[in-house]
Amino acid sequence: MSESPNTRNVYMAILLLGIVSLLGDVVYEGSRGLVPDYLAFLGASAFIIVFVGRLGEFLGYALRLVSGILADTTKAYWVFMFLGYGLIVAIPLLGFTSLWWIAIILVLLERIGKAVRAPARDAVLSIVSKGVGVGKAFGIHELMDQIGAILGPLLVAALMFYSRNNYSQTFGFLLTPFMLLMVFLAFTYRKIGPSKPVEAEKAHEKGVGLGKAFYVYTSAVVLNTVGLIPYELILLKASAVLQPENQQWIVPLLYMLIQGVDAPTALFAGYSYDKYRIRVLALPFILSVFPTLFALANTSLTALVVAAVFFGLVLGMQESIYRAAVSEFAPITSRGTAYGIFNTAYGVGMLASGFVYGLIATVNPPYWAIVLYVVAMQVIAVLMLLKAYLLTARKLENVKI
Numbered sequence: 405m406s407e408s409p410n411t412r413n414v415y416m417a418i419l420l421l422g423i424v425s426l427l428g429d430v431v432y433e434g435s436r437g438l439v440p441d442y443l444a445f446l447g448a449s450a451f452i453i454v455f456v457g458r459l460g461e462f463l464g465y466a467l468r469l470v471s472g473i474l475a476d477t478t479k480a481y482w483v484f485m486f487l488g489y490g491l492i493v494a495i496p497l498l499g500f501t502s503l504w505w506i507a508i509i510l511v512l513l514e515r516i517g518k519a520v521r522a523p524a525r526d527a528v529l530s531i532v533s534k535g536v537g538v539g540k541a542f543g544i545h546e547l548m549d550q551i552g553a554i555l556g557p558l559l560v561a562a563l564m565f566y567s568r569n570n571y572s573q574t575f576g577f578l579l580t581p582f583m584l585l586m587v588f589l590a591f592t593y594r595k596i597g598p599s600k601p602v603e604a605e606k607a608h609e610k611g612v613g614l615g616k617a618f619y620v621y622t623s624a625v626v627l628n629t630v631g632l633i634p635y636e637l638i639l640l641k642a643s644a645v646l647q648p649e650n651q652q653w654i655v656p657l658l659y660m661l662i663q664g665v666d667a668p669t670a671l672f673a674g675y676s677y678d679k680y681r682i683r684v685l686a687l688p689f690i691l692s693v694f695p696t697l698f699a700l701a702n703t704s705l706t707a708l709v710v711a712a713v714f715f716g717l718v719l720g721m722q723e724s725i726y727r728a729a730v731s732e733f734a735p736i737t738s739r740g741t742a743y744g745i746f747n748t749a750y751g752v753g754m755l756a757s758g759f760v761y762g763l764i765a766t767v768n769p770p771y772w773a774i775v776l777y778v779v780a781m782q783v784i785a786v787l788m789l790l791k792a793y794l795l796t797a798r799k800l801e802n803v804k805i
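Residue numbers (the working numbering): 405 to 805.
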């Protein structure tokens, strides 16, 4: 059976939004491995470099609450997308400064841009995917996003190699994919734009806010994230194992492995979500136990590789079906706000995870205590996920009655 023209248009919209994210990732994900080195080259201290990195991540998540609410209030989703993606220009501009404090401002501007565009983009993606499955939409989007996250570092590595470690030329060259990104964003807006059916549904849902189920679900994701080991600790453990043999060059390959597992997982998880809905989220919650168990069990490189694979599996689901599930709890009129709150809470969970596992790495508690902590966090998260599911099911039954 052939697809209807409307279905083809929906997939085309999802594909175009995916290409936009892919091109964005080529620029800013490509730079992430180079920015710390560049700041050090310009004279920034190690403390400043680390602090700015964490500050950037905090701003990238915390400000999503503000941008999400503003996007819903103004209904100017595309304005926020153009502004947010436009701020990626800060990355190529790094090649035109020799002052570390200006470079830091540019790095933070790019992270602010991420906060500005993410809730509006997720809201638009959830809206245009109606009829084909929000899980598929976010799965396809995350797949393309991760392709960009892999191509970006490879491109930057190649540019550094051929320019003989010329930072200015490398960053400056990223103007090309940035310009391509903005062209595709403009083309995508012309192809999608605000549609009449969406406006009609907005009018119909006017005054509908976020319910208890949304906040229970968001809390479950936060607990899941707090219990998940940060990938940085996996890489740090790998570096310690490889250092005696002077094989630290393998460490970036572990990060590439995580990204490589993430991409296809997101796509398959998206299709599964459309079939099983929120129930499928119990799987990544359970799988979140294994990265910690393998990474902290011993100092074997094999165990760390397995931990990286499990982390990639969980990450692929976090970036696709975790976001897709938000649309199940939030009406279109509050979709930007919902994604803003969700992403902000997710960022808080990541920050808390870094604090907890930083203490674990420092104090080095007994392995059984770590296992108890990880299992307890994920069990509580799964129970809260179940509660959110039951609240949603009860709401649907009341609507039918």
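Built from N, CA and C at the ideal position, the CB exists for glycine as well.
Source: prediction; values computed, not measured.
Where residue i falls, given that 16 or more other Cβ within 10 Å makes a residue buried
i, result
"residue 493", "buried"
"residue 455", "exposed"
"residue 592", "buried"
"residue 706", "exposed"
"residue 505", "exposed"
"residue 708", "buried"
"residue 801", "Residue placement at residue 801 is flagged as unreliable, the pLDDT there being 49, under the threshold of 50; the coordinate-derived value follows with that caveat. Exposed, since its Cβ has fewer than 16 Cβ neighbours within 10 Å."
"residue 558", "exposed"
"residue 698", "buried"
"residue 704", "exposed"
"residue 477", "exposed"
"residue 417", "buried"
DSSP-derived helix/strand/coil call for residue i
i, result
"residue 706", "helix"
"residue 518", "helix"
"residue 480", "coil"
"residue 668", "helix"
"residue 695", "helix"
"residue 414", "helix"
"residue 641", "helix"
"residue 499", "helix"
"residue 731", "helix"
"residue 701", "coil"
"residue 423", "helix"
"residue 447", "coil"
"residue 808", "Nothing can be reported for residue 808, as the shown portion of the chain is limited to 405 through 805."
"residue 440", "helix"
"residue 634", "coil"
"residue 353", "Missing from the structure shown is residue 353; the chain here goes from 405 to 805 and no further."
Residue nearest to residue i in terms of C-alpha spacing, selected from the options
i, options, result
"residue 733", "692, 508, 577, 617", "617"
"residue 497", "674, 490, 510", "510"
"residue 503", "743, 443, 530", "443"
"residue 658", "698, 670, 642, 678", "642"
"residue 685", "717, 749, 701, 434", "717"
"residue 719", "702, 664, 539", "664"
"residue 794", "781, 747, 683, 722", "683"
"residue 474", "440, 519, 436, 461", "519"
"residue 749", "765, 735, 767, 730", "730"
"residue 485", "597, 626, 713", "597"
Would you check if there are 3 or more beta carbon pairs closer than 8 angstroms linking the region 618-626 to the region 775-794? They touch, by the three-pair rule.
Would the region 446-453 and the region 575-586 be scored as touching if the rule is three or more Cβ pairs under 8 angstroms? Too few Cβ pairs lie closer than 8 angstroms, so no.
Please determine if the region 752-760 and the region 625-645 are in contact, where contact requires at least 3 C-beta pairs separated by less than 8 angstroms. Three or more pairs of CB atoms, one per stretch, sit closer than 8 angstroms, so the region 752-760 contacts the region 625-645.
Check whether the region 415-434 touches the region 578-596, taking contact to mean three or more Cβ pairs, one atom from each stretch, closer than 8 angstroms. Cβ pair count under 8 angstroms is three or more, so yes.
Mind the definition here: the region 669-680 touches the region 531-544 only if three or more C-beta pairs lie below 8 angstroms; say whether that holds. Using a Cβ-Cβ distance cut-off of 8 angstroms, the region 669-680 and the region 531-544 are in contact, since at least three pairs of beta carbons, one from each stretch, lie closer than that value.
Taking contact to mean 3 or more Cβ pairs, one atom from each stretch, closer than 8 angstroms, check whether the region 677-697 and the region 772-788 are in contact. At 8 angstroms Cβ cutoff, the stretches touch.
Could I get the ranges of all uninterrupted alpha helix (DSSP H) runs contained in the region 539-622, with 4 residues as the minimum, in chain order? Runs of the alpha helix (DSSP H) inside the region 539-622: 571-577, 579-595, 600-608.
When the Cβ atoms of the region 731-750 are set against those of the region 521-534, are three or more pairs found closer than 8 angstroms? Taking a cut-off of 8 angstroms for Cβ pairs, the region 731-750 and the region 521-534 touch, as three or more such pairs fall below it.
Those runs of the alpha helix (DSSP H) which lie wholly inside the region 754-805 and span at least 4 residues: Listed in chain order, they are 771-804.
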